[in-house]
Amino acid sequence: MSAEAADREAATSSRPCTPPQTSWFEFLLEEALLEQHLQKPSPDPPPVQLIVQFLEQASKPSVNEQNQVQPPPDNKRNRILKLLALKVAAHLKWDLDVLEKSLSVPVLNMLLNELLCISKVPPGTKHVDVDLSSLPPTTAMAILLYNRWAIRTIVQSSFPVKQAKPGPPQLNVMNQMQQEKELTENILKVLKEQAADSILVLEGALKLNKDLYVHTIRTLDLLAMEPGMVNGETESSTAGLKISAEEIQCQVAYILYQSFQFISVSFNGNLFNTVNIVILLLPL
Numbered sequence: 001m002s003a004e005a006a007d008r009e010a011a012t013s014s015r016p017c018t019p020p021q022t023s024w025f026e027f028l029l030e031e032a033l034l035e036q037h038l039q040k041p042s043p044d045p046p047p048v049q050l051i052v053q054f055l056e057q058a059s060k061p062s063v064n065e066q067n068q069v070q071p072p073p074d075n076k077r078n079r080i081l082k083l084l085a086l087k088v089a090a091h092l093k094w095d096l097d098v099l100e101k102s103l104s105v106p107v108l109n110m111l112l113n114e115l116l117c118i119s120k121v122p123p124g125t126k127h128v129d130v131d132l133s134s135l136p137p138t139t140a141m142a143i144l145l146y147n148r149w150a151i152r153t154i155v156q157s158s159f160p161v162k163q164a165k166p167g168p169p170q171l172n173v174m175n176q177m178q179q180e181k182e183l184t185e186n187i188l189k190v191l192k193e194q195a196a197d198s199i200l201v202l203e204g205a206l207k208l209n210k211d212l213y214v215h216t217i218r219t220l221d222l223l224a225m226e227p228g229m230v231n232g233e234t235e236s237s238t239a240g241l242k243i244s245a246e247e248i249q250c251q252v253a254y255i256l257y258q259s260f261q262f263i264s265v266s267f268n269g270n271l272f273n274t275v276n277i278v279i280l281l282l283p284l
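The sequence shown runs contiguously to residue 284 in full-length UniProt numbering.
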């Protein structure tokens with residue numbers, strides 16, 4: 001072996017070995033792996049990427065024997081994948097700033113709808129018709145989180161988006177981008193149609209005088225057990241991450257203040273009351 005080759009081999013062998021990236025399916029096989037992974041200083045893949053991977057796998061359509069495309073099956077595997085995505089979001093403390101920065105509108109819409117589902121909000125329920133003060137704290141918080149995100153998303157969609165510089169055309173990538181764009185537009189259309197109700201839900205939250213709780217990894221684990229055994233604990237005042245009434249009011253007041261122009265379009269009659277409530281709650 002030449003001296004040059006020996007030097008190259010020595011340099012290569014002295015480099016630190018980079019551990020392989022953990023694959024999404026490994027989290028299905030080992031229950032404790034997710035929390036271990038999330039506790040790492042720099043987990044690879046990062047938390048938000050895990051959410052995308054879990055929900056992407058859970059929403060894949062199936063093909064039957066007649067080669068017909070079917071909706072994703074509601075099986076144990078897909079339910080676990082959705083639960084894993086919720087656990088990652090719980091690890092991030094449901095921080096909308098973090099989630100919105102890295103997740104697309106369709107992915108975040110799916111994630112928050114799964115949160116509503118596991119928080120026992122029946123599908124199709126009109127949130128504006130629900131009395132938040134009468135709900136279990138985690139259920140009320142899930143409804144508030146969804147409606148805060150809905151208004152934030154509408155407000156953000158009104159700002160121009162800087163287009164990325166196009167690279168070499170790739171048909172698969174272009175098709176995927178077009179599909180995501182169409183799906184995002186459809187979701188925004190629904191959110192805008194429901195915006196008046198979302199604002200009323202948030203206005204109602206300003207009158208709440210009790211602390212709420214958002215799901216943690218522990219409470220999500222409890223919900224995954226036999227429901228009859230854990231209802232009391234997951235809905236009690238000691239379960240989940242506590243969000244004080246003052247913090248809730250500040251969060252809600254801020255998003256209503258942000259959407260001031262939107263409110264003026266949708267609530268001509270109620271504009272004065274809404275704006276004054278918001279201003280009273282904002283810090284001077």
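Built from N, CA and C at the ideal position, the CB exists for glycine as well.
Buried or exposed (CB count within 10 angstroms, at least 16 for buried), residue i
{"i": "residue 124", "result": "exposed"}
{"i": "residue 64", "result": "exposed"}
{"i": "residue 237", "result": "Below a pLDDT of 50, predicted positions are generally treated as unreliable, and residue 237, at 42, falls in that range; no measurement from the model is reported."}
{"i": "residue 259", "result": "buried"}
{"i": "residue 177", "result": "exposed"}
{"i": "residue 245", "result": "exposed"}
{"i": "residue 186", "result": "exposed"}
{"i": "residue 190", "result": "exposed"}
{"i": "residue 136", "result": "buried"}
{"i": "residue 109", "result": "buried"}
{"i": "residue 82", "result": "buried"}
CA-to-CA distance, residue j to residue i, given in whole angstroms
{"i": "residue 270", "j": "residue 203", "result": "At residue 270 the pLDDT is 47, less than 50, meaning the model places this residue with poor confidence and gives no usable figure here."}
{"i": "residue 139", "j": "residue 60", "result": "28 angstroms"}
{"i": "residue 239", "j": "residue 222", "result": "10 angstroms"}
{"i": "residue 118", "j": "residue 158", "result": "31 angstroms"}
{"i": "residue 28", "j": "residue 180", "result": "27 angstroms"}
{"i": "residue 205", "j": "residue 132", "result": "7 angstroms"}
{"i": "residue 242", "j": "residue 76", "result": "30 angstroms"}
{"i": "residue 74", "j": "residue 86", "result": "17 angstroms"}
{"i": "residue 49", "j": "residue 36", "result": "16 angstroms"}
{"i": "residue 106", "j": "residue 54", "result": "14 angstroms"}
{"i": "residue 84", "j": "residue 115", "result": "12 angstroms"}
{"i": "residue 20", "j": "residue 199", "result": "46 angstroms"}
{"i": "residue 142", "j": "residue 213", "result": "9 angstroms"}
{"i": "residue 32", "j": "residue 70", "result": "32 angstroms"}
{"i": "residue 128", "j": "residue 144", "result": "11 angstroms"}
{"i": "residue 47", "j": "residue 148", "result": "22 angstroms"}
{"i": "residue 38", "j": "residue 89", "result": "11 angstroms"}
{"i": "residue 100", "j": "residue 67", "result": "36 angstroms"}
{"i": "residue 78", "j": "residue 146", "result": "22 angstroms"}
{"i": "residue 57", "j": "residue 23", "result": "12 angstroms"}
{"i": "residue 154", "j": "residue 188", "result": "7 angstroms"}
{"i": "residue 104", "j": "residue 52", "result": "9 angstroms"}
{"i": "residue 126", "j": "residue 201", "result": "10 angstroms"}
{"i": "residue 183", "j": "residue 112", "result": "16 angstroms"}
{"i": "residue 217", "j": "residue 30", "result": "16 angstroms"}
Residues bridged to residue i (per DSSP)
{"i": "residue 259", "result": "DSSP output for residue 259 lists no bridge partner at all."}
{"i": "residue 63", "result": "69"}
{"i": "residue 243", "result": "212"}
Where the beta strand (DSSP E) containing residue i begins and where it ends
{"i": "residue 214", "result": "212-214"}
N-terminal and C-terminal residue of the alpha helix (DSSP H) that residue i is part of
{"i": "residue 204", "result": "195-205"}
{"i": "residue 219", "result": "217-224"}
{"i": "residue 49", "result": "47-58"}
{"i": "residue 37", "result": "33-38"}
{"i": "residue 84", "result": "76-91"}
{"i": "residue 30", "result": "Segment: none, residue 30 is in no alpha helix (DSSP H) and carries neither H nor E."}
{"i": "residue 43", "result": "Where residue 43 is concerned, there is no enclosing alpha helix (DSSP H), given that its DSSP letter is neither H nor E."}
{"i": "residue 106", "result": "105-118"}
{"i": "residue 137", "result": "137-157"}
{"i": "residue 102", "result": "96-102"}
Given 8 angstroms as the limit, is there contact between the stretch 240-255 and the stretch 189-196, that is, 3 or more CB pairs closer than that? no
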